[in-house]
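Numbered by the UniProt record's numbering, the letters in the sequence shown go through residues 1 to 267 in order. The beta-carbon is built from N, C-alpha and C at its ideal position, and this holds for glycine as well.
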Amino acid sequence: MSSSPPKTPVSQLKASTETVTSVHYWTDKLLSFRTTRPAGYQFTPGQFARLGVTAGEETLWRAYSVTSAAGEDELEYFLVQVPGGLFTEQLKSLKPGYPILVEKFSYGFMTVDRFVDGEDLWMLATGTGLGPFISILQDPAVWKKFRNLVLVHCVRNSDELAYQELLSALPQRPELVAGGARLQLIRSTTRDQQATAPGNLQGRITTLLSNGELEAAAGLDITVEKSRIMMCGNPEMITATRDILYQRGLRPCRRAVPGQFVTEDYW
Ligand SMILES: Cc1cc2nc3c(=O)[nH]c(=O)nc-3n(C[C@H](O)[C@H](O)[C@H](O)COP(=O)(O)OP(=O)(O)OC[C@H]3O[C@@H](n4cnc5c(N)ncnc54)[C@H](O)[C@@H]3O)c2cc1C
Ligand SMILES: NC(=O)c1ccc[n+]([C@@H]2O[C@H](COP(=O)([O-])OP(=O)(O)OC[C@H]3O[C@@H](n4cnc5c(N)ncnc54)[C@H](OP(=O)(O)O)[C@@H]3O)[C@@H](O)[C@H]2O)c1
């Protein structure tokens, strides 16, 4: 965006013009921001919104997972500024008060209702792929549906481990713990120059899955019977993780065929 708020069309068939209400930078490249919520906007935790900004004569559209809980008055998104990225360059001077287009429909199939059974829900995220799990983990139904919730967040450097405060506070929220699940937060870094923080793992999700470190850290085995897995973020991580799971007998959820994993590629 330019330094003054861009003009956006007041009415578009499928979108409404919403207002940015807050912006929070986790690092110089990673940010979360909130917008007003379009009237009647519905989404299931795990789904994404399509956001639009105007750049000159053009309106650019991109998909962003919703990180806010389903019942909140505002919508929140978590994103990384891609160097030279067409859309994210427009957000460089994003401030409260800026207009942004939000499509009226939500999209995506990486939702917990895809699983018909299972005991342990594994949520595997690289980078900003954490976003949908922030929303999913604030859904009381998820805490009721599973016995164990395991969130794995893998980033290059530990300063990119966003949402720590919110995540650590989840087990203190009565509406969530009433469901009975146990939450485990597993963090991993791949490029930290210094020793990683105590308790954090080191290495890619794929490496930690292959060498057994991930299951050892959670104290849970990944099995066809018990494990249900959601993966989000880097598409190469997702492809490689699918292959590992496939070799262990797990299968993707299909429209009419229940499976053990669902995915969301970010590019
Ligand atoms: C279903 C879906 C949901 C998405 N949700 C999010 C989200 O919640 N947060 C988010 O930051 N992005 C998300 N994305 C990616 C987002 O839509 C944009 O592609 C991204 O913000 C870059 O747009 P751009 O125009 O600035 O860069 P582009 O010019 O489109 O550059 C794209 C390149 O940037 C890199 N890239 C794109 N997204 C990411 C990312 N998230 N992390 C690291 N590298 C990336 C890839 O190398 C990609 O080829 C999602 C994409 C999809 C398809
Ligand atoms: N300069 C570059 O070469 C380069 C490359 C890619 C992206 N970028 C840009 O840097 C920004 C930040 O990206 P990001 O760090 O949030 O996302 P990312 O590159 O997807 O990295 C997030 C985490 O995913 C891991 N990962 C990457 N590929 C994987 C694979 N095939 N299998 C398993 N794990 C994998 C990374 O490990 P590793 O640290 O081991 O990769 C890292 O820990 C983006 O703007 C992106 O466009 C730059």
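How far does the beta strand (DSSP E) with MET231 in it extend, from its first residue to its last? 227-233
How big is the Cα-Cα spacing for LEU91 and PHE133? 23 Å
Could you tell me which of PRO140, THR126 and ILE136 sits nearest to residue 324, measuring between CA atoms? Nothing can be reported for residue 324, as the shown portion of the chain is limited to 1 through 267.
Is the region 14-26 touching the region 92-111 in the sense that three or more CB pairs, one from each, lie closer than 8 Å? yes
Beta-carbon separation of LEU30 and ALA49 under 8 Å? no
For ligand 1, is there any heavy atom lying closer than 7 Å to the beta carbon of PHE48? yes
Go ahead and label ASP221 buried or exposed: buried means 16 or more other beta carbons lie within 10 angstroms of its beta carbon, across all protein chains shown. exposed
For LYS145, does the count of other Cβ atoms within 10 angstroms reach 16, so buried, or fall short, so exposed? buried
Contacts around ASP159, its chain only, beta-carbon distance under 6 Å, and the 5 residues preceding and following it disregarded: THR27
Of the residues THR190, ALA141, ALA39 and LEU209, the one placed nearest GLY179, counting alpha carbons only: ALA141
6 Å Cβ shell around residue 311 - same chain, five flanking residues per side excluded: Within the shown structure, residues of the chain are numbered from 1 to 267, placing residue 311 beyond reach of any answer.
For ligand 1, is there any heavy atom lying closer than 7 Å to the beta carbon of GLY131? yes
Hey, would you say the C-beta of LEU86 is under 7 Å away from at least one heavy atom of ligand 1? yes
Based on the DSSP output, what are the partners of ILE134 in its beta bridges? The partner list for ILE134 (beta bridge, DSSP) is empty, contrary to what the question assumes.
Whole angstroms are fine: how far does the CA of LEU250 sit from the CA of GLN260? 6 Å
What do you reckon, is the C-beta of GLU89 under 7 Å from a heavy atom of ligand 1? yes
Cβ neighbour criterion (16 or more within 10 Å) applied to ARG34: buried
Could you tell me which uninterrupted beta strand (DSSP E) segments, each at least 3 residues in length, are contained entirely in the region 9-68, listed from first to last along the chain? 15-25, 30-36, 48-55 and 58-65
Beta carbon of PRO258: closer than 7 Å to some heavy atom of ligand 2? no
Within the present structure, is the beta-carbon of PHE78 separated from the nearest heavy atom of ligand 1 by less than 7 Å? yes
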